[in-house]
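Novice: Structure incoming, see below.
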Amino acid sequence: MNILFTICGRAGSKGLKNKNIKEMNGIPLVYYTLAAIYGYTISHPQHEVTIAVNTDSELLKELLQKQKRLPIRFIDRKEELSGDVVPKVAVIQDTYLQMIETEPDVVIDLDITSPYRRVCDFDNIIQEFSSGNFDIVFSVVEARRSPYFNMVEKKPDGFYRKICQSLYTARQQAPHSYELNASIYAYKPAFLEGTIERTILDYQCGISIMPDYLVLDIDSEEDFEMMQYLHSFYCKKDSGLKEVYVIAQQMYRE
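This note's numbering numbers the first residue of the sequence shown as 534 and each following residue consecutively.
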């Protein structure tokens, strides 16, 4: 299999300043993403892997260029794709189109600010992607709240009611709901070659389930502090997370 991994990181951030180059437990966040990719290449030497980083941050580029284990292609972020309301899929699409000569079987986008990721999660999402005719398969966790039972929104009459109207009296009766954890997205190349006019959730989607404690991503200082603390805890319980952390340490300190 030929895989194009994309990593997209802007220089600025409204929620947490310079979050893409921030260190978590002594290691830059982006190195957790690189370490997971490197772990995958070691366990799957038969696959062809290319990494493309789309950014306008010179600091992020310099940080990535320090490591020598993985070759990286840098794609300059276009000014029109740098705004706060630009959908990320537009950046991924632009990255793929500039890397189209690599002819990937799948394009896998990884969010820098979701470092809770294991090599086995790549195996799972690729297996799911290969099992059907999906435009995109994304990682999820089982939702702790259900839109059919205990999630509400404001209705036109000014009162708050369930988002999805139903007659369920217990959460266990409702259909299973899942929450995107902003970690892994596997795209069909042909999908990225077309015109994307709606949100990605409006197309032919599949899911790959990750453990619910891998739901966190970083968009504020509070998120970061909580994730950093929990990362140390979960590395003691999850050998997959510990493996990625060890590789990240080695890559950063070599």
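Just so it is clear, CB atoms sit at the ideal spot from N, CA and C, and this is done for glycine as well.
#1: Please confirm whether Tyr571 and Ile780 have their CB atoms less than 7 Å apart.
#2: Beta strand (DSSP E) containing Glu675: first to last residue?
#3: Which same chain residues end up closer than 8 Å to Gln705 when comparing Cβ atoms and leaving out the 5 residues on each side of it in sequence?
#4: Skipping 5 residues on each side, what residues in its chain have a beta carbon closer than 7 Å to that of Gln761?
#5: Where do the ends of the alpha helix (DSSP H) carrying Phe662 lie?
#6: Can you give me the Cβ contacts of Glu776 inside the same chain, cut-off strictly under 8 Å, excluding the 5 residues immediately before and after it?
#7: Tell me the residue span of the beta strand (DSSP E) that contains Ser741.
#8: Asp642 and Ala715 - do their beta-carbons sit closer together than 7 Å?
#9: In angstroms, rounded to a whole number, what distance separates the CA positions of Lys555 and Pro561?
#10: Given this structure, state the Cα-to-Cα distance separating Glu726 from Val622, to the nearest angstrom.
#11: Could you give the uninterrupted runs of the beta strand (DSSP E) lying entirely in the stretch 700-740, keeping only those of 3 residues or more?
#12: Specify whether the stretch 616-630 and the stretch 726-742 touch according to this definition: at least 3 beta carbon pairs, one from each stretch, less than 8 Å apart.
#13: By DSSP's criteria, Pro561 is part of a beta bridge. Which residues make up the other side?
#14: For Val673 versus Ile608, is the C-beta spacing smaller than 7 Å?
#15: When DSSP labels each residue in this structure, what does Gly773 get in the three-state scheme?
#16: Is any heavy atom in the ligand NAP found nearer than 6 Å to the beta carbon of Met684?
#17: Using only CA atoms, which one of Tyr701, Lys770, Leu567 lies nearest to Lys599?
Specialist: Per the coordinate set shown:
#1: A contact, by the Cβ cut-off of 7 Å.
#2: 669-675
#3: none
#4: Met557, Asn558
#5: 652-663
#6: Gly572, Arg651, Val652
#7: 738-742
#8: no
#9: Rounded to whole angstroms, Lys555 to Pro561 spans 6 Å at the Cα level.
#10: 12 Å
#11: Runs found: 711-720.
#12: With the cut-off at 8 Å, the stretch 616-630 and the stretch 726-742 touch.
#13: Glu556
#14: no
#15: helix
#16: Judged by which ligands are present, the structure shown has none, so any question about the ligand NAP falls away.
#17: Leu567
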